[in-house]
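Chemist: Sharing a structure with you now.
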Amino acid sequence: MSEFLIYKLILVGSVFGITLFVAAYSTYAERKVAAFLQDRVGPDRAGPFGIFQPLADGMKFIYKEEIIPVVSNKFLFVLGPCLAMLTAMMAGVLIPWGNTLIIGDQVYSLQIADLNVGILYVFGVVSIGVYGIMIGGWASNNKFSLLGAIRASAQMISYEIAMGLSIIALIIMTGTLSLGEISAQQAGGVGGDWNMWNVVYQPLGFLIFIVCAFAECNRTPFDLPECETELVGGYHTEYSSMKLGFYLFAEYINMFVSSAVISTLYFGGYNFPFMNDLGLDHNTISIIGTVVLFAKISFFIFFFMWIRWTIPRFRYDQLMNLGWKILIPLAVFNIFLTGLVMILLK
Amino acid sequence: MLTNRSKLVVKKEMTFAEKIYLPAILSGVAITIKHLFRKKATVKYPEKQREISDVWRGQHVLKRDDKGAERCTACGLCAVSCPAEAITMVAAERKKGEENLYREEKYAATYEINMLRCIFCGLCEEACPKEAIFLTDRIVSTDYGRNGFIYGKDKLVESVDERVDVTKRQTPAVLAFKQQKRLSHNK
Ligand code: SF4
Ligand code: SF4
Numbered sequence: 003m004s005e006f007l008i009y010k011l012i013l014v015g016s017v018f019g020i021t022l023f024v025a026a027y028s029t030y031a032e033r034k035v036a037a038f039l040q041d042r043v044g045p046d047r048a049g050p051f052g053i054f055q056p057l058a059d060g061m062k063f064i065y066k067e068e069i070i071p072v073v074s075n076k077f078l079f080v081l082g083p084c085l086a087m088l089t090a091m092m093a094g095v096l097i098p099w100g101n102t103l104i105i106g107d108q109v110y111s112l113q114i115a116d117l118n119v120g121i122l123y124v125f126g127v128v129s130i131g132v133y134g135i136m137i138g139g140w141a142s143n144n145k146f147s148l149l150g151a152i153r154a155s156a157q158m159i160s161y162e163i164a165m166g167l168s169i170i171a172l173i174i175m176t177g178t179l180s181l182g183e184i185s186a187q188q189a190g191g192v193g194g195d196w197n198m199w200n201v202v203y204q205p206l207g208f209l210i211f212i213v214c215a216f217a218e219c220n221r222t223p224f225d226l227p228e229c230e231t232e233l234v235g236g237y238h239t240e241y242s243s244m245k246l247g248f249y250l251f252a253e254y255i256n257m258f259v260s261s262a263v264i265s266t267l268y269f270g271g272y273n274f275p276f277m278n279d280l281g282l283d284h285n286t287i288s289i290i291g292t293v294v295l296f297a298k299i300s301f302f303i304f305f306f307m308w309i310r311w312t313i314p315r316f317r318y319d320q321l322m323n324l325g326w327k328i329l330i331p332l333a334v335f336n337i338f339l340t341g342l343v344m345i346l347l348k
Numbered sequence: 220m221l222t223n224r225s226k227l228v229v230k231k232e233m234t235f236a237e238k239i240y241l242p243a244i245l246s247g248v249a250i251t252i253k254h255l256f257r258k259k260a261t262v263k264y265p266e267k268q269r270e271i272s273d274v275w276r277g278q279h280v281l282k283r284d285d286k287g288a289e290r291c292t293a294c295g296l297c298a299v300s301c302p303a304e305a306i307t308m309v310a311a312e313r314k315k316g317e318e319n320l321y322r323e324e325k326y327a328a329t330y331e332i333n334m335l336r337c338i339f340c341g342l343c344e345e346a347c348p349k350e351a352i353f354l355t356d357r358i359v360s361t362d363y364g365r366n367g368f369i370y371g372k373d374k375l376v377e378s379v380d381e382r383v384d385v386t387k388r389q390t391p392a393v394l395a396f397k398q399q400k401r402l403s404h405n406k
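Protein sequence lines correspond, in order, to chains A and B. Position 122 of the first sequence, counting from 1, maps to 124 under the numbering used here, and the rest follow consecutively. Position 171 of the second sequence, counting from 1, maps to 390 under the numbering used here, and the rest follow consecutively.
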């Protein structure tokens, strides 16, 4: 029992560390990608190629003056960023970061907890994330913050519906809610047993999911809650120092978790093509699998940034139109189609 | 419509392809990904300096004549012509025995250019009837405070031993042009 606890603690600790590390370096990557897409070179002064930039940024955030507006609700003002950070970190628990490792006669799973309602938990936690933004925006007692918070909540609620519906089609297909099992089902891929990743069977679902993921993470083209042109800084207008840092950081953690969820649900998770034909032992495959998963996640994080530096922001009515009039009917249609095909195939 | 460049704005319904945004987004990401591999336009400044033109308009110099006397006569034409109102000066009368310091009978006791206001247009140089002020290819350096950008005579007037070369801006043709009497300020 104690061995189990220690093992899980190590796993939790490393997932926590890796999440923070990836989020920190996403900020660096964001600036680099932005620069490269605009024919610049980006930050290159802190260390070789600027790789210590996240440390410098973090240091700057900590040393900045902390301002809490007198008219704000102090308790909620502090609670906002904490909540944003907390919920962002919580979703990582369910991602299967790799297959099992077999050491001696013990089997160690690289997933912290394989809940049988996995996806529902992720959805639940991600939806709480909007409270961080709402509470922060409301507690600031500032019109711009409030407007940003209202936008964030309206946007989250609208897109969560489409996102949930797009997942239902996937669940009809896989027959399980557990992320671990969904990953395991996609084992093999191209090669010996022709077992494709879910994206092949659910292209429409994937498309809807990724669009909604952009909206849930408040990323461009759906970054209306913090839109600088109209709302100064949106929900975090009044925030400074590390509290602002937490909000920005939470966004990158959300991006990381979303990329992990997308990779797991639609792109085979830790599985990679030809994995059963290489003749390697189980542990090696597991480790390669984890590396492959991180490669997929990195790609999606890059994709998030790539889109951000390509597309301008949607107008608010366009956003709502897209969510309610296009994505939701499409998602319902996708469920119908999947159900029909499943019945016909039986 | 003379140039055929104006476009008629039509407010039409979007087509289906436009409504789902995807084709437009795809062509957009295709364009940006191409830029990822382009040559970067950045010049890594302190290590590598950009090549600048011979007639670059940078930090000003107040010239002395051949004997080392200041040419400026504090006429104020530069300040009047300055679109950014960056120049201020206080005039003073030359005393006896100061002929080696100031060429004209009236001179500028203080002469300040606020480099934060200056837009480096070169109009002060163009206005000067005494060939006293020139822009040079020196770059105004950075500073931590605003006061440091107000350059007084200590920074503007060239030293007697170390003359600042302005022959690239003041070519014989330019000089001839400036001395044409039909130009109002030379009358
Ligand atoms: S260069 Fe132009 S802006 Fe600058 S001091 Fe001369 S006239 Fe003024
Ligand atoms: S225009 Fe020339 S002479 Fe007149 S004040 Fe300016 S620098 Fe001096």
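Cβ coordinates follow ideal geometry from the N, Cα and C atoms, glycine included. Keep in mind it's a predicted model, so treat the numbers as computed, not measured.
What's the C-alpha gap between residue 282 of chain B and residue 395 of chain B?
Modeler: Each residue's alpha carbon lies about 18 Å from the other.
Chemist: Can you look up residue 204 of chain A in the DSSP assignment and give me helix, strand or coil?
Modeler: Note: residue 204 of chain A maps to coil in three-state DSSP.
Chemist: Relative to ligand 2, is the shortest distance from any of its heavy atoms to the C-beta of residue 44 of chain A smaller than 7 Å?
Modeler: Because no heavy atom of ligand 2 lies under 7 Å away, the Cβ of residue 44 of chain A does not count as near it: no.
Chemist: In the DSSP assignment, find the beta strand (DSSP E) that holds residue 332 of chain B and state where it starts and stops.
Modeler: First-last of the beta strand (DSSP E) with residue 332 of chain B: 325–333.
Chemist: Would you list, in sequence order, the uninterrupted alpha helix (DSSP H) runs of no fewer than 4 residues that lie entirely inside the stretch 202–271 of chain A?
Modeler: You should have 205–218, 230–233 and 243–268.
Chemist: Alpha carbon to alpha carbon, how far is residue 13 of chain A from residue 233 of chain A?
Modeler: Their backbone Cα atoms lie some 41 Å apart in a straight line.
Chemist: Kindly provide the ranges of any alpha helix (DSSP H) runs that are 4 or more residues long and lie completely inside the stretch 27–69 of chain A, ordered along the chain.
Modeler: Taking only runs of at least 4 residues, the alpha helix (DSSP H) segments lying wholly in the stretch 27–69 of chain A are 55–65.
Chemist: Please tell me whether residue 171 of chain A and residue 337 of chain A are closer than 8 Å, where the distance is taken between their beta carbons.
Modeler: In this structure, residue 337 of chain A lies closer than 8 Å to residue 171 of chain A by Cβ.
Chemist: Can you give me the Cβ contacts of residue 310 of chain B inside the same chain, cut-off strictly under 8 Å, excluding the 5 residues immediately before and after it?
Modeler: 293, 295, 325, 326, 327 and 328.
Chemist: Using DSSP's beta-bridge definition, name the partner residues of residue 103 of chain A.
Modeler: Answer is A/110.
Chemist: Could you give the residue range of the alpha helix (DSSP H) that holds residue 86 of chain A?
Modeler: It spans 76–92 - the alpha helix (DSSP H) in which residue 86 of chain A sits, taken as one unbroken run.
Chemist: With the cut-off set at 8 Å, would you say residue 98 of chain A and residue 268 of chain A are in Cβ contact?
Modeler: Not a contact, by the Cβ cut-off of 8 Å.
Chemist: Which of the three DSSP states, helix, strand or coil, is assigned to residue 334 of chain A?
Modeler: Helix, per DSSP.
Chemist: Which residue wins for smallest C-alpha separation from residue 94 of chain A, given the options A/44, A/149, A/162 and A/24?
Modeler: Nearest of A/44, A/149, A/162 and A/24 to residue 94 of chain A, Cα basis: A/24.
Chemist: For residue 306 of chain B, write down the residues that DSSP places opposite it in a beta bridge.
Modeler: Residue 306 of chain B is bridged to B/332.
Chemist: Answer yes or no: do residue 253 of chain B and residue 41 of chain A have a C-beta to C-beta separation smaller than 8 Å?
Modeler: It is not a contact, given that the beta carbons lie outside the stated cut-off.
Chemist: Can the beta-carbon of residue 63 of chain A be found closer than 8 Å to that of residue 300 of chain A?
Modeler: No; because the gap between Cβ atoms is not below 8 Å, this pair is not in contact.
Chemist: Mind checking which residues open and close the beta strand (DSSP E) that includes residue 281 of chain B?
Modeler: Element bounds for residue 281 of chain B: 279–281.
Chemist: Among A/46, A/54, A/27 and A/168, which has the Cα closest to the Cα of residue 340 of chain A?
Modeler: Looking at the Cα atoms, A/168 is the closest of the given residues.
Chemist: Does any residue of chain A bring its CB to less than 8 Å from the CB of residue 267 of chain B?
Modeler: By this cut-off, residue 267 of chain B is not an interface position.
Chemist: Whole-angstrom Cβ separation of residue 379 of chain B and residue 278 of chain B, contact assumed at under 8 Å?
Modeler: In fact, because the Cβ distance is near 19 Å, the residues do not count as touching under 8 Å.
Chemist: Output the distance between the C-alpha atoms of residue 340 of chain B and residue 301 of chain B, rounded to the nearest integer angstrom.
Modeler: Roughly 8 Å between the two C-alpha positions.
Chemist: Pick out whichever of A/127, A/123, A/155 and A/124 has its Cα sitting closest to the Cα of residue 137 of chain A.
Modeler: The candidate whose alpha carbon is nearest that of residue 137 of chain A is A/155.
Chemist: Thinking C-alpha only, which one of B/365, B/350, B/364 and B/362 is nearest residue 398 of chain B?
Modeler: Considering only alpha carbons, the answer is B/350.
Chemist: If contact is defined by three or more beta carbon pairs under 8 Å, each pair taking one atom from either stretch, is the stretch 244–255 of chain A in contact with the stretch 75–88 of chain A?
Modeler: Yes: at least three Cβ pairs fall under 8 Å.
Chemist: So residue 280 of chain B packs on residue 390 of chain B, CB below 8 Å; how close in whole Å?
Modeler: Contact flag wrong, Cβ pair sits at about 16 Å.
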